[in-house]
């Protein structure tokens, strides 16, 4: 099945990359609308999660979330066979001065983000600025053809890919930070290893403790980077250095990062990828998990 999905994905990338971006975005919205109608059991789950997130009309927001997911997926596929300049054309960028300030400290930058709008644009925009070398931690997709395209796309933008779980990835990530590099990590996705249950848009998510530990050990600055989809289909990318003074443990660092993610995404929860996994309601307990 993975081979079939991989072949379909690679073919889709090749097809979409030949089309204008504006048309790809419209096509993605249409695909999302169709997926919403065919969503079946996923729709009640997404609607419940959005209700916990505090949206005014969860039923309407569910359809909006599907359309955002369609747009983002199609745009990210489109980017894989395009140049970095084409991918970043028209993208609004705010807060690069905060990235420069963080980089000037000389201890590297942990760039924390979430699956909202087109998250790949953040590392691409940073790499183009040339402030510091950029690497990202990515998971194995089990679709080798698509994964190769993603890695090549990042390489064209000057971004190194560290695959989570591979031997030596943790040491490489630590050294990357100590040499002053930028390390991009997703903080809203289930992963193996030590995790902590934190509040996330009214739900509970298990945030990895590995990246916060890297920041604590290396003394790296922590920068929050998030993308936002604009009404016309464009994207704005924002960077914000987070205050880490007095934080010495990975647990406290994770709580701080979770709070920052919540604060920013609460204004647009329907742009997060709710289809990713089942959510449970936040019960107020910060629970540690070692497996």
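Numbering (this note's numbering), first residue to last: 2 to 292. From the three backbone atoms N, C-alpha and C, an ideal C-beta is built for every residue, glycine too. As the structure is a prediction and not an experimental result, all values here were calculated from the model.
Where residue i falls: helix, strand or coil (DSSP)
i: residue 134; result: coil
i: residue 95; result: strand
i: residue 114; result: strand
i: residue 249; result: coil
i: residue 168; result: coil
i: residue 16; result: helix
i: residue 161; result: strand
i: residue 288; result: coil
i: residue 139; result: strand
i: residue 268; result: coil
i: residue 144; result: coil
i: residue 283; result: coil
i: residue 177; result: helix
i: residue 275; result: helix
i: residue 29; result: helix
i: residue 263; result: helix
Start-to-end residues for the beta strand (DSSP E) that takes in residue i
i: residue 206; result: 204–209
i: residue 196; result: 196–201
i: residue 229; result: 222–230
i: residue 241; result: 236–243
i: residue 185; result: 183–187
Pairwise C-alpha distance: residue j and residue i
i: residue 186; j: residue 113; result: 5 Å
i: residue 178; j: residue 257; result: 20 Å
i: residue 51; j: residue 130; result: 36 Å
i: residue 26; j: residue 75; result: 7 Å
i: residue 111; j: residue 212; result: 8 Å
i: residue 238; j: residue 250; result: 29 Å
i: residue 67; j: residue 16; result: 22 Å
i: residue 246; j: residue 30; result: 42 Å
i: residue 41; j: residue 5; result: 23 Å
i: residue 63; j: residue 43; result: 10 Å
i: residue 152; j: residue 161; result: 8 Å
i: residue 18; j: residue 274; result: 23 Å
i: residue 33; j: residue 137; result: 28 Å
i: residue 11; j: residue 252; result: 39 Å
Own chain, CB closer than 7 Å to residue i, minus 5 neighbours either side, in chain order
i: residue 77; result: 119 and 121
i: residue 198; result: 205, 207, 286, 287 and 288
i: residue 172; result: none
Sequence-distant residues of the same chain with beta carbon closer than 8 Å to residue i, five excluded per side
i: residue 248; result: 217, 254 and 257
i: residue 107; result: 181
Contacts around residue i, its chain only, beta-carbon distance under 6 Å, and the 5 residues preceding and following it disregarded
i: residue 240; result: 96, 99, 100, 224 and 226
i: residue 102; result: none
i: residue 261; result: 225 and 243
i: residue 234; result: 26
i: residue 49; result: none
Residue i CB to nearest heavy atom of the ligand ZN below 7 Å
i: residue 133; result: What this structure holds is no ligand at all, so the ligand ZN is not there to describe.
Counting only runs of 4+ residues fully inside the region 35–101, write out the alpha helix (DSSP H) ranges in chain order. 43–53, 59–80 and 85–89
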